[in-house]
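Just below is one structure, and these are the notes that go with it.
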Amino acid sequence: MKPTLFILAAGMGSRYGGLKQLDGVGPSGETIMDYSIFDAVRAGFGKVVFVIRHDFEEEFREKVLSKYAKVIPVEVCFQTLDNLPKGFKCPEGRTKPWGTNHAVLMAKDIIHEPFAVINSDDFYGRNAFEVLAGDLVKMSNTENDYSMIGYRVGNTLSESGTVNRGVCTTNAGNFLTGVTERINIGRNENGEIVYPDGDSFGKLDENAPVSMNMWGFTPDYFEYSENYFIDFLKQNLNKEKSEFFIPLVVNDLITKGLARCRVLDTTAKWFGVTYTEDRPAVVEKLANLVKEGEYPTPLFR
């Protein structure tokens, strides 16, 4: 059974100033999602599922889904604030989505095979999809056995300034034991990768693995997520800014010994669009990859 690619595309895009999921940044107007799907198809994924919001469904179907009609089967599900477990009601006035793991839950009735989860506005690279697809194929008859792509931190830095990253720690078997959030990571005058650590600076190895929200799960993850979401809502329902994130669930499952998560190395270089100012650099990088023969243009003919 081929794995499924699940794309988180319900984000507001407020910091970017619009629906960045639909922004054409490739030489022929391709979106970052187009490159992810192109890489996923050639890596062996068999289906793509998008989670979006109802308010841009028409535009999304017209501009995004239509181009994949002859490429790969696609389905859509919706993230809504009122899609909560029985006994819970969305607080009046809440506008903030419930988070990435709530978005994952929206696909529980659609996905029945091992699946990958990615952001819609991040460029992950060909090798990352190949590595994750190869791992997911092996997970067809397993449970409680997950994976994530651990990007080499040196391949995720920005030329425009410092970045925040979740630095992963692993055991001898290369299974995840924890993620530590480090802020303001960048290179010093000697080219070393450093971050503020109290009154001094900590150092990171060039190849230290970091999480960029590229995960591999088996369907049993949905049941865990439902149970954890109920516990989350009991404590956070009326906290306006509370969000139910993927690492929250994964970390607790690992800590309690209920599941394990392999950290998979990749040579791919990550880049993305967070702010409007990031767009020119992304356009240039994609143009260079096309010139180098990594991608055709247009992607889908």
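If you're matching positions, the sequence shown starts at 31 in my numbering and goes up one per residue.
Positions of the beta carbon are idealized from the N, C-alpha and C atoms, including for glycine.
This one's a predicted model, so the numbers in the text were calculated from it and none came from an experiment.
Only counting the same chain, and skipping five residues up and downstream in sequence, which positions put a Cβ closer than 8 Å to that of residue i?
i, result
"residue 87", "106 and 108"
"residue 54", "60 and 61"
"residue 44", "Confidence at residue 44 is low in this model, with a pLDDT of 47, below 50, so the placement of that residue is unreliable and no value is reported for it."
Given residue i, which residues of its chain have a CB within under 6 Å of its CB, disregarding the five upstream and five downstream residues?
i, result
"residue 327", "57, 58 and 320"
"residue 311", "none"
Per DSSP, what kind of secondary structure is residue i in: helix, strand or coil?
i, result
"residue 181", "strand"
"residue 112", "coil"
"residue 141", "coil"
"residue 34", "strand"
"residue 105", "strand"
"residue 266", "helix"
"residue 217", "strand"
"residue 277", "helix"
"residue 243", "strand"
"residue 47", "Caution applies to residue 47, whose pLDDT of 48 falls short of 50 and renders its modelled position unreliable; the model cannot decide the point."
"residue 211", "strand"
"residue 91", "helix"
"residue 301", "strand"
Considering residue i, what are the terminal residues of the beta strand (DSSP E) in which it resides?
i, result
"residue 13", "In the structure displayed, the chain extends from 31 to 331; residue 13 sits before or after that span and is not available."
"residue 195", "193-200"
"residue 146", "145-149"
Might you give, ordered along the chain, the residues of its own chain that have their beta carbon closer than 7 Å to the beta carbon of residue i, omitting 5 neighbours on each side?
i, result
"residue 267", "118 and 121"
"residue 233", "222, 223 and 224"
Terminal residues of the continuous alpha helix (DSSP H) containing residue i?
i, result
"residue 315", "309-321"
"residue 68", "62-73"
"residue 161", "156-167"
Going by Cα to Cα distance, which pick from the options is closest to residue i?
i, options, result
"residue 203", "293, 315 and 236", "293"
"residue 249", "39, 136 and 214", "136"
"residue 70", "81, 287 and 103", "103"
"residue 207", "280, 41 and 159", "280"
Chain C beta carbons: is any one of them nearer than 7 Å to that of residue i?
i, result
"residue 88", "The structure shown contains no chain C, having only a single protein chain."
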